[in-house]
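Novice:
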């Protein structure tokens, strides 16, 4: 199924549902967490201004230019069905089916719903925390999917009642929360119907393909309260052809390009150290055994992805402080996917390694890039030796040679031939606000700051490493490392269709012609060259309307 089916996705504001991950074998304490961890953020003492304190997803959405409102209390989650009489429902809500208020564990609260209807709040800019653990339905994973579908039904009905328009929802789900979303899409909804109700999905560290060290393959009958949840982490179950909610079947039910998988890479900061050791011991295909721990501490990088779906790497661990849930990076990436108006692809056109290749050993090369947008001191994409997620290993100096054997970590588009490095989204609306005029600005500087910018800038940090496979030479050679700035200028920065040119800069003084070069057009690509003492390459940037 493609995004053109069922009308495609929209960049307009939609209600956002936040779904937490696995709570452990006992969840009574987890139920007491009001916003299920989505109000936890991170402090970055080394950063300044807006980059210093990240308040967490909920507060940041409420303080953002979209001005979202918390609507979590409008829906109640109970461990037994709630029964109400029609007479208890306010007259202003008489157009709602009684089924929405009574007879189920997930019901609309009449009082808070009435407050929403009477308020100036736009339902399309509301946040909803899905508190599925309050239902006490751990013995049947299907009920989580059914409850999520019911929540989506509530939100759409409230929007229809208030605005005479029925939105779809955006979903942001951490870990097992992403499996609940798939349960709803692949089983609770009729096949193909979820795309009518769900706009876009972002999963943070979701074990779409299971957890590699799931030692007990069948939890049925073990007496463990979380058995139904733990069973979903079984890699064999996830890939089983007869499993209707297995990951290979996802694209039959929902457009794969409307779900973004955010993949964590920093296993070193994950609290439960035993999980990191198990990830190293239970490697997956192509990981070269225990040499690597390509995971966020709990979920393997390869297993956090879905076939055909875009993905990005974030150098954060699975959960806890400064993790996939609490980091600023997750917010920046998610909002650009939800609301961004430019889709960007970075491809390798050709590349040649000109040094390295230890005489005594056997060299192999790893290539990666990290990307930051201007004015946001956080990465939208991360690759590094520390993250263990670079493309490679390449055994030949020509990285564009398609005959490489043993490339365990292939390009993002696999063997499609375009050598896709990164696929991401930018939001030019985020940079259209004029910058504040400082007290020391002269007239010219003040005028420049008061005018909206006409450009979008990304910093591209390229890395090429080498290691000796035989163990005779060095294992951590850096062949090439350099930062560039790709600057796209527009006639109207809010209109991606007015893109004028793309320029590559080697420094941040964009007015210095000695350190800039206009990229050349080649079909749909804007090509540019990167040259160094040990590496020559040509890359292509593709800008398209999102």
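In my numbering, the protein residues as written are 898 to 1443. Ideal Cβ placement from N, Cα and C applies to all residues, glycine included. In this text, all values refer to a predicted model and were calculated from it rather than measured experimentally.
Return the chain-ordered list of same chain residues with a C-beta closer than 8 Å to the C-beta of residue 1114, the five sequence neighbours on each side being excluded.
Specialist: Here the question's residue 1114 lines up with position 217 in the chain shown. For residue 1114, the predicted model reports a pLDDT of 48, less than 50, meaning its position is unreliable; a value from the coordinates is still stated below. Counting only Cβ-Cβ distances below 8 Å, and skipping sequence neighbours, we find 1131, 1133 and 1134.
Novice: Starting from the C-beta of residue 989, find all residues in its chain whose C-beta is less than 8 Å away, skip the five residues before and the five after it, and write them out in chain order.
Specialist: Translated into positions along the chain shown, residue 989 becomes position 92. If we look at residue 989 and ignore the five residues flanking it on each side, its Cβ neighbours are 1011, 1014 and 1015.
Novice: Assign residue 1290 to one of two classes, buried (16 or more other C-beta atoms within 10 Å of its C-beta) or exposed (fewer than that).
Specialist: Your numbering for residue 1290 matches position 393 in the chain shown. Counting Cβ neighbours within 10 Å, residue 1290 comes out buried, since at least 16 surround it.
Novice: So is residue 1315 in contact with chain C if we call contact Cβ pairs under 7 Å?
Specialist: Given the protein chain composition of this structure (a single chain), no chain C is represented.
Novice: So, using beta-carbon positions, are residue 1238 and residue 1007 closer together than 7 Å?
Specialist: For this step, residue 1238 is matched to residue 341 along the chain shown. For this step, residue 1007 is matched to residue 110 along the chain shown. No, Cβ-Cβ distance for residue 1238 and residue 1007 is not below 7 Å.
Novice: By DSSP, does residue 1379 sit in helix, in strand, or in coil?
Specialist: Walking along the chain shown from the start, residue 1379 turns up at place 482. It is a strand residue.
Novice: For residue 1334 and residue 1229, I'd like the C-alpha separation in whole angstroms.
Specialist: Here the question's residue 1334 lines up with position 437 in the chain shown. Here the question's residue 1229 lines up with position 332 in the chain shown. Because residue 1334 sits at a pLDDT of 48, beneath the cut-off of 50, its placement in the model cannot be relied upon, and the point is left open.
Novice: In the DSSP assignment, find the beta strand (DSSP E) that holds residue 1362 and state where it starts and stops.
Specialist: If you number the chain shown from 1, residue 1362 lands on position 465. Per DSSP, residue 1362 belongs to the beta strand (DSSP E) from 1352-1365.
Novice: Which whole-angstrom value is the C-beta distance of residue 1079 and residue 1027, which I expect to be below 8 Å?
Specialist: Walking along the chain shown from the start, residue 1079 turns up at place 182. Walking along the chain shown from the start, residue 1027 turns up at place 130. Rounded, the Cβ-Cβ distance is 14 Å, inconsistent with contact.
Novice: Would you call residue 856 buried or exposed, if buried means 16 or more other Cβ atoms sit within 10 Å of its Cβ?
Specialist: Absent from the model: residue 856. The displayed extent of the chain is 898 to 1443, so no value can be given.
Novice: Please classify residue 995 as buried or exposed, where buried requires at least 16 other C-beta atoms within 10 Å of its C-beta.
Specialist: The residue given as residue 995 occupies position 98 in the chain shown. Exposed, by the Cβ-count rule.
Novice: On a CA-only basis, which of 1082, 962, 1360 and 956 is nearest residue 1326? Give me that one, please.
Specialist: The residue labelled residue 1326 in the question sits at position 429 within the chain shown. The option with the nearest alpha carbon to residue 1326 is 962.
Novice: Can you tell me which of 1202, 1273, 1190 and 909 puts its alpha carbon nearest to the alpha carbon of residue 1354?
Specialist: Mapped onto the chain shown, residue 1354 falls at position 457. Of 1202, 1273, 1190 and 909, the residue nearest in Cα terms is 1273.
Novice: DSSP puts residue 839 in a beta bridge; with which residues?
Specialist: With the chain covering only 898 through 1443, there is no way to say anything about residue 839.
Novice: Assuming contact is defined by CB atoms lying nearer than 7 Å, are residue 1161 and residue 1214 in contact in what I supplied?
Specialist: Here residue 1161 refers to the residue found at position 264 when the chain shown is read from its first residue. Here residue 1214 refers to the residue found at position 317 when the chain shown is read from its first residue. Contact: yes.
Novice: What does a CB cutoff of less than 7 Å around residue 907 pick up in its chain, not counting 5 residues either side in sequence?
Specialist: Translated into positions along the chain shown, residue 907 becomes position 10. Once the five neighbours on either side are set aside, the close Cβ partners of residue 907 are 1096.
Novice: Comparing alpha-carbon positions, which option in 1056, 999 and 1192 lies nearest residue 1017?
Specialist: Against the chain shown, residue 1017 aligns to sequence position 120. Residue 1056 is the option with its Cα nearest to residue 1017.
Novice: Please classify residue 1226 as buried or exposed, where buried requires at least 16 other C-beta atoms within 10 Å of its C-beta.
Specialist: Indexing the chain shown from 1 puts residue 1226 at position 329. So residue 1226 counts as buried.
Novice: Assuming residue 1279 is part of the alpha helix (DSSP H), what are its boundary residues?
Specialist: Numbered from its first residue, the chain shown carries residue 1279 at position 382. Looking at the DSSP string, residue 1279 is not in any alpha helix (DSSP H), and its letter there is neither H nor E.
Novice: Buried or exposed for residue 1195, going by 16 or more other Cβ atoms inside 10 Å?
Specialist: Taking the chain shown and counting its residues from 1, the one referred to as residue 1195 is at position 298. With 16 or more other Cβ atoms within 10 Å, it is buried.
Novice: Could you check whether the Cβ of residue 1142 sits closer than 6 Å to any heavy atom belonging to the ligand GTP?
Specialist: Only the bare structure without any ligand can be found here, which leaves the ligand GTP out of the picture.
Novice: What residues match up with residue 1324 in a beta bridge as DSSP calls it?
Specialist: Translated into positions along the chain shown, residue 1324 becomes position 427. Per DSSP, none; premise fails for residue 1324.
Novice: Starting from the C-beta of residue 1376, find all residues in its chain whose C-beta is less than 8 Å away, skip the five residues before and the five after it, and write them out in chain order.
Specialist: The sequence position of residue 1376 within the chain shown is 479, counting from 1. Counting only Cβ-Cβ distances below 8 Å, and skipping sequence neighbours, we find 1250, 1252, 1253, 1262, 1361, 1362, 1363, 1431 and 1432.
Novice: Please state whether the Cβ-Cβ distance between residue 914 and residue 1066 is less than 7 Å.
Specialist: In the chain shown, the residue the question calls residue 914 occupies position 17. In the chain shown, the residue the question calls residue 1066 occupies position 169. Yes, the pair counts as a contact, with Cβ atoms nearer than the cut-off.
Novice: I need the straight-line Cα distance from residue 1294 to residue 1387, nearest angstrom please.
Specialist: As a position in the chain shown, residue 1294 is number 397, starting the count at 1. As a position in the chain shown, residue 1387 is number 490, starting the count at 1. Rounded to the nearest angstrom, the two C-alpha atoms are 37 Å apart.
Novice: How big is the Cα-Cα spacing for residue 969 and residue 1092?
Specialist: On the chain shown, position 72 is the one that residue 969 refers to. On the chain shown, position 195 is the one that residue 1092 refers to. If you take the alpha carbons of residue 969 and residue 1092, they lie about 23 Å apart.
Novice: How would you write the range of the beta strand (DSSP E) that residue 1413 sits in, first residue to last?
Specialist: For the purposes of this step, residue 1413 is taken as the residue at position 516 of the chain shown. That run of the beta strand (DSSP E) goes 1413-1415.
Novice: Is the beta carbon of residue 983 less than 7 Å from the beta carbon of residue 910?
Specialist: Along the chain shown, read from residue 1 onward, the residue named residue 983 stands at position 86. Along the chain shown, read from residue 1 onward, the residue named residue 910 stands at position 13. For residue 983 and residue 910, no; Cβs fall outside 7 Å.
Novice: Enumerate in chain order the residues of its own chain whose CB-to-CB distance from residue 1429 is below 7 Å, with the five nearest sequence positions on each side excluded.
Specialist: Start at 1 with the first residue of the chain shown, and residue 1429 comes out as number 532. Once the five neighbours on either side are set aside, the close Cβ partners of residue 1429 are 1377 and 1379.
Novice: In chain order, what residues of the same chain lie with their CB nearer than 8 Å to the CB of residue 1217, ignoring the 5 residues before and after it?
Specialist: On the chain shown, residue 1217 is found 320 positions in, with the first residue counted as 1. Once the five neighbours on either side are set aside, the close Cβ partners of residue 1217 are 1166, 1167, 1168 and 1223.
Novice: Compare the C-alpha of residue 1384 against each of 1391, 1373, 1407 and 912 and name the closest.
Specialist: The sequence position of residue 1384 within the chain shown is 487, counting from 1. The candidate whose alpha carbon is nearest that of residue 1384 is 1407.
Novice: What is the rounded straight-line gap between the Cα of residue 1246 and the Cα of residue 1235?
Specialist: Counting from one through the chain shown, the residue named residue 1246 turns up at place 349. Counting from one through the chain shown, the residue named residue 1235 turns up at place 338. Approximately 29 Å, taken between the alpha carbons.
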